[in-house]
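The next block holds one structure in the form of structure tokens; read it before the comments.
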Amino acid sequence: MLFQETTIGGVFEVQLERKADERGFFARSWCREEFERAGLNPRLAQCSISYNPRRGTLRGMHYQVAPYAEAKLVRCTSGAIYDVVIDLRVQSPTYRHWAGFTLTAENRDMVYIPEGCAHGFLTLEDESEIFYQISEFYSAESARGVRWDDPAFGIVWPEKPQMMSDRDRTYPDFKYA
Numbered sequence: 011m012l013f014q015e016t017t018i019g020g021v022f023e024v025q026l027e028r029k030a031d032e033r034g035f036f037a038r039s040w041c042r043e044e045f046e047r048a049g050l051n052p053r054l055a056q057c058s059i060s061y062n063p064r065r066g067t068l069r070g071m072h073y074q075v076a077p078y079a080e081a082k083l084v085r086c087t088s089g090a091i092y093d094v095v096i097d098l099r100v101q102s103p104t105y106r107h108w109a110g111f112t113l114t115a116e117n118r119d120m121v122y123i124p125e126g127c128a129h130g131f132l133t134l135e136d137e138s139e140i141f142y143q144i145s146e147f148y149s150a151e152s153a154r155g156v157r158w159d160d161p162a163f164g165i166v167w168p169e170k171p172q173m174m175s176d177r178d179r180t181y182p183d184f185k186y187a
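This note's numbering applies: residue 11 is where the sequence shown begins, and numbers increase by one.
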């Protein structure tokens, strides 16, 4: 795997290192040792799938607080998404900054999101499916979110969302720490 740090410290684009031949290719998509060498959280507590039948579906911006703060590795396995990460770590030099990534079934890229960052995505195609590897178990009491269009972050989405949950639409304005 190839790890490229982004404009937000601790957030990495992860690309497959393909070994190709006439049959196609083989690539490792997870290796605890490689994650440890890159300084990333290698804990794997659960995996989840998000299936979205319609283009324009927005999910996010979600995170969990301690003691269940979670790191995520996100990959689009069908369709395409615009994946967004917001740095909510108060001591971080990129606090309140965001970064966006286009993840598709074709490019097979992944995004590593560390603890303390919010995550969400907008589907760019119908029939988009996202696979998550998550470092911590889900805890409803620790689940939090910020609004996708909160002016505190100024996220520029590639298109206007057409569908989202009431919860994602109605998070209150972000309160600065």
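Glycine included, every Cβ here is placed at the ideal spot set by N, Cα and C.
Keep in mind the model is a prediction, meaning the values are calculated, not measured.
Of all the options the options, which has the alpha carbon lying nearest to the alpha carbon of residue i?
i      : options                        : result
Arg38  : Thr133, Gln25, Thr112, Asp31   : Gln25
Ile18  : Val121, Lys170, Lys185, Glu43  : Val121
Val166 : Lys185, Phe131, Phe147, Glu146 : Phe131
Phe13  : Phe36, Gly49, Arg177, Lys29    : Gly49
Gln74  : Lys185, Lys29, Arg177, Ser149  : Ser149
Gly20  : Glu27, Trp40, Glu46, Arg28     : Glu46
Phe147 : Glu137, Trp108, Met174, Ala81  : Ala81
Ala162 : Asp136, Glu116, Arg106         : Arg106
Asp176 : Trp158, Gly164, Lys170, Glu169 : Trp158
Tyr186 : Asp160, Glu169, Arg64, Pro168  : Asp160
Arg8   : Asn117, Ala90, Leu54           : Residue 8 lies beyond the stretch modelled for the chain, which goes from 11 to 187, so this question has no answer here.
Glu116 : Ala109, Ser138, Arg33, Gly164  : Ser138
Leu54  : Val84, Phe22, Asp136, Ser145   : Ser145
Arg154 : Ala79, Phe36, Glu15            : Ala79
Need the endpoints of the beta strand (DSSP E) that residue i sits in, please.
i      : result
Glu15  : 12–15
Ile96  : 90–97
Phe35  : 34–36
Ala30  : 29–31
Ile123 : 120–123
Phe22  : 22–25
When burial is assigned at 16 or more other CB atoms within 10 Å of the CB, is residue i buried or exposed?
i      : result
Cys57  : exposed
Gln172 : exposed
Ile59  : exposed
Pro124 : buried
Cys195 : The shown model of the chain, from 11 to 187, leaves out residue 195, and the question about it has no answer.
Tyr61  : exposed
Asp93  : buried
Asp31  : exposed
Ala109 : buried
Contiguous beta strand (DSSP E) assignments of at least 3 residues, all confined to the segment 125–178: Here the runs fully enclosed are 127–133, 138–144, 153–155.
Runs of beta strand (DSSP E) wholly within the segment 40–83 (minimum 3 residues, chain order): 56–62, 68–74
Cβ contact check for the segment 126–140 and the segment 67–77: 3 or more pairs under 8 Å: The segment 126–140 is in contact with the segment 67–77.
Three-pair Cβ contact test at 8 Å for the segment 168–181 versus the segment 94–106: no
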